[in-house]
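Take a look at the structure set out below.
2 protein chains.
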Amino acid sequence: MAAALAILDEHGLPDLTMRRLAATLDVQPSALYWHFANKQTLLASIADQIVSRAVPREVRDGDWSSATRAEAEALRDALLTFRDGAEVVSSTLALGLGAGEPQSRLAAAIRRGGFDPQTSEVAAAALLHFVLGHVSHEQQRLQADSLGVVAEGHSADPATAIGGRAAFDFGITLLLTGLELQLLTSTPGGHPTRSLGGTAQ
Amino acid sequence: MAAALAILDEHGLPDLTMRRLAATLDVQPSALYWHFANKQTLLASIADQIVSRAVPREVRDGDWSSATRAEAEALRDALLTFRDGAEVVSSTLALGLGAGEPQSRLAAAIRRGGFDPQTSEVAAAALLHFVLGHVSHEQQRLQADSLGVVAEGHSADPATAIGGRAAFDFGITLLLTGLELQLLTSTPGGHPTRSLGGTAQ
DNA sequence: ACCTGAACACCGTTCAAGT
DNA sequence: ACCTGAACACCGTTCAAGT
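So the sequence lines, in the order shown, correspond to chains S and H. The first sequence begins at 1 in my numbering and counts up by one. The second sequence begins at 202 in my numbering and counts up by one.
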């Protein structure tokens, strides 16, 4: 695991191959298959490792909204800790392997706002999709810039500052205020005006 | 292009290799490199092809919010048209190649609400990240289910109906109502309470 | 203009066999 | 319990050469 994380951080996801990992461990590639069933399993473990580094800062007031924001920011920081971190996590999460922790943590924070479990889970998924998409984008831009690959006006023009913390916080704000409004417009104990209707299955 | 799209839709992204594509065209693999510089370029063209199929339904009232929603839904439909469509588009978009169209269309729709260009662009990026993340998730679930791979209680339990149109619409609603609120709380011509501050660069 | 042939430098994974 | 050796079935890409 340590060797794999080192390769990931120093050379990136495309260079994290079973053969290369074996080589740095002075071992035959086949030896890895005693420890991991396959590469996907290995990547899932790495994803868990990265994600477990996400520890939200203590938030003084018990506000659910800032607690959720703290979770999202902790997750972003953790993903930024390792090169290609967001891609590793989102790919293993897409394959349905491990890494259910981030969504659970986000959902738990949201639930403190009084949302029902299903709404909390779906909102958490929305937040997670945004975080992963944003940080993936951010990291790709980082190494594209470091490689000097500009690819037509696509670089860090301040007009479209899609990457960066300000844009991240803005996206989180949109989702959280959207949720807040959800809370106000739904008549408690009555018919919520906008909720996951019976069409969800 | 047609042959590549056919392989993608029938066998999925992992099976869309240069050698396989060449074989279905009764041609040597090296022949493809006269038409495309490399595989990434080919995938970028495919992504454009998929995305160009996104035609939003006509929205009767000129409401910016429903226009934006229509764009997002058209994009989702287009991505769902081809197997692994979301992954193809988000990977090429991550590499900074082509496919700037979806974000532009979303941003244009948002701008009709009176948002400044930068806010519109960043909000469009947030929407796009959500759409791609959601549909990726959805498509992966689709073929995981079709393969009978269940991978511990992870399948289509109605409690966490993350995939599907209802969850999609809910996520879009969160972002759009968040934007609406942004419009109300910012004093026009004054200091917006929540905007992309000077920290953005 | 468009393609072949042949090669280069890789992949992930399996499996009998060793210690 | 943990690893080697050797193989299988692939990859993307380059490049001289053909027509």
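Yeah, the Cβ is synthetic: ideal placement off N, Cα and C, and Gly gets one too. Everything numeric in this text was worked out from a predicted model, so none of it was measured.
Asked	Found
Residues in its own chain within less than 8 Å of residue 302 of chain H by CB, not counting five upstream and five downstream?	249, 252 and 253
Compare the C-beta of residue 338 of chain H against all C-beta atoms of chain S and say whether one is closer than 9 Å.	yes
Using 9 Å as the limit for Cβ to Cβ distance, is residue 11 of chain S near chain H?	no
Measuring alpha carbon to alpha carbon, tell me which residue in S:31, S:138, S:55 and S:18 is nearest residue 295 of chain H.	S:138
Just checking: is the beta-carbon of residue 35 of chain S within a distance shorter than 9 Å of some beta-carbon in chain H?	no
Looking at the C-beta of residue 314 of chain H, does it have a partner C-beta in chain S at a distance below 9 Å?	no
Are at least three pairs of beta-carbons, each pair with one atom in the region 130 to 146 of chain S and one in the region 76 to 92 of chain S, less than 8 Å apart?	yes
So that I know if they touch, is there some Cβ in chain H lying closer than 9 Å to that of residue 82 of chain S?	no
List, in chain order, every chain H residue whose beta-carbon is nearer than 8 Å to that of residue 140 of chain S.	295, 296 and 297
Where does residue 67 of chain S land, buried or exposed, given buried means 16+ other C-beta within 10 angstroms?	buried
Is residue 202 of chain S helix, strand or coil by DSSP?	Any answer about residue 202 of chain S is impossible in this case: the structure gives chain S only from 1 up to 201.
From residue 328 of chain H to residue 32 of chain S, what distance separates their C-alpha atoms?	40 Å
Please report the distance separating the alpha-carbon of residue 174 of chain S from that of residue 143 of chain S.	28 Å
Thinking residue 7 of chain S and residue 64 of chain S are a contact (beta carbons under 8 Å), I'd like their distance in whole angstroms, please.	That pair is no contact at about 39 Å.
With burial defined as no fewer than 16 other Cβ atoms inside 10 Å of the residue's Cβ, what is the status of residue 4 of chain S: buried or exposed?	buried
Nearest chain H C-beta to residue 59 of chain S closer than 9 Å, yes or no?	no
With distances taken from CA atoms, which of S:75, S:23 and S:103 is nearest residue 121 of chain S?	S:103
With 9 Å as the threshold, decide whether the Cβ of residue 380 of chain H is near any Cβ in chain S.	yes
Let me know the secondary structure DSSP gives residue 52 of chain S once reduced to three states.	coil
Does the Cβ-Cβ distance between residue 316 of chain H and residue 383 of chain H come in under 9 Å?	yes
If the cut is a Cβ gap below 9 Å, which residues of chain S does residue 256 of chain H touch?	Result: empty, since nearest Cβ-Cβ is about 23 Å, beyond 9 Å.
Fully enclosed by the region 34 to 104 of chain S, which alpha helix (DSSP H) runs are 4 residues long or longer?	39 to 51, 64 to 81 and 85 to 94
Kindly say whether residue 122 of chain S, judged by its beta-carbon, lies nearer than 9 Å to any beta-carbon of chain H.	yes
Is DSSP giving residue 375 of chain H helix, strand or coil here?	helix
With respect to the alpha helix (DSSP H) encompassing residue 5 of chain S, which residues constitute its N-terminal and C-terminal limits?	2 to 11
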